[in-house]
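Notes follow once the structure below has been shown.
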Amino acid sequence: MQQAPNEAPNWLDWLNDNQSPVQQPVNPSVNPQQPVNPSVNPQQPANPSVNPQQPSNGSANGNANASQFEQEVLNLVNQERTKAGLNALTMNTQLSKVAMAKAEDMHNNNYFDHQSPTYGSPFDMMKSFGISYSSAGENIAKGQRSPAEVMNQWMNSPGHRANILKNSFTEIGIAYYNGTWVQQFIG
C-alpha cells in the first residue's frame, strides 16, 4: 500500500490485502465460509453478552452527514445492482441499527475486523439483535471521506463487489460513524 505524505491511511486497502468480506450461507454448520486469510485469528470475547447493548438511533452519532451518507450509499448500491440486472435492495432500519452498533464498536474499541470483541461474528451479532436471514454478508471500510469513494473501493474489490451484487440479498443495513463504514446484507 502506498500512501502520500500527510494522507490518512486507507483501511480498505489494508482490508483487501489482509482479509475478505464475509458471507454466511443458509446452513452455516454444513457449509461455513471462512475468511480468505486463515492466519487472522481475532480474539474471542471472554464472556459474550447475551443481551447486547442496543445501538444508538441510526445516524444520531455526532456525524452531521451520516444519514445523508447512508442514503447515498444505498443509492449507489442500487445503481450498481440495476446495471447488473439485479433487483434493488431495501433499506432495513433494524439491520442499519446493527450496522451502526458495529461501526460504533469498531471505532470505540479501536479495531478493524469482521469479528467483534464485543459481539462476535457479524452473523452472531445479527441474530443477537433479532435479525432473521437465509443468507447474510458484511462489508466494512475505514477512512474514506465520501459515499462515492467507499463505493468505488468496494466495487473494485472482488469480495466486496460480490456482496453488493449477490442476487440472494434483498435487504441492506448501512452505517457511517466517525470514518467507519459498515454494510450488512441479508436475504
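Numbering (our numbering), first residue to last: 3 to 189. Where a beta carbon is used, it is the ideal one built from N, C-alpha and C, also for glycine. Quick caveat, the model's predicted, so the values are computed rather than measured.
DSSP, read as helix, strand or coil, puts Phe-114 in coil. Here Ile-166 carries a helix assignment [DSSP, helix/strand/coil]. Met-93 has Ile-174 as its beta-bridge partners, per DSSP. Under the DSSP assignment, Gln-73 falls in the alpha helix (DSSP H) whose first and last residues are 68 to 85. Within the same chain, Met-128, Ile-188 and Gly-189 come within 7 Å of Tyr-135 by CB-CB distance, once the 5 residues on both sides are set aside.
The straight-line gap separating the alpha-carbon atoms of Ser-98 and Ser-69 is approximately 11 Å. If the five residues before and after Phe-131 are omitted, its C-beta is found closer than 6 Å to the C-beta atoms of Val-100, all from its own chain and listed in chain order. Distance between Lys-168 and Asp-107, taken at the CA atoms: about 26 Å.
Residue pairing by DSSP places Gln-155 in no beta bridge whatsoever. In the displayed model, Gly-122 falls within a strand according to three-state DSSP. Under the criterion of beta carbons closer than 8 Å, Lys-144 and Thr-120 do not qualify as touching, at roughly 17 Å. Going by beta carbons, Gln-185 and Asn-154 fall outside the 8 Å limit. The DSSP-derived three-state label of Gly-145 is coil. Put simply, the backbone Cα of Pro-149 is about 27 Å away from that of Gly-122. About 4 Å separates the Cβ atoms of Ala-105 and Ala-177, confirming a contact at the 8 Å cut-off.
Rounded to the nearest angstrom, the gap between the Cα atoms of Met-157 and Phe-114 is 19 Å. The beta carbon of Glu-173 sits closer than 8 Å to the beta carbons of Leu-91, Thr-92, Met-93, Asn-94, Leu-97, Phe-187, Ile-188 and Gly-189 from its chain, once the five residues preceding and following it are set aside; these are given in chain order.
Beta-carbon to beta-carbon, Tyr-179 and His-109 are separated by about 6 Å, close enough to satisfy the 8 Å threshold. For Ile-188, the enclosing beta strand (DSSP E) begins and ends at 182 to 188.
Here Val-75 really is in contact with Val-152; their C-beta atoms are around 7 Å apart, less than 8 Å.
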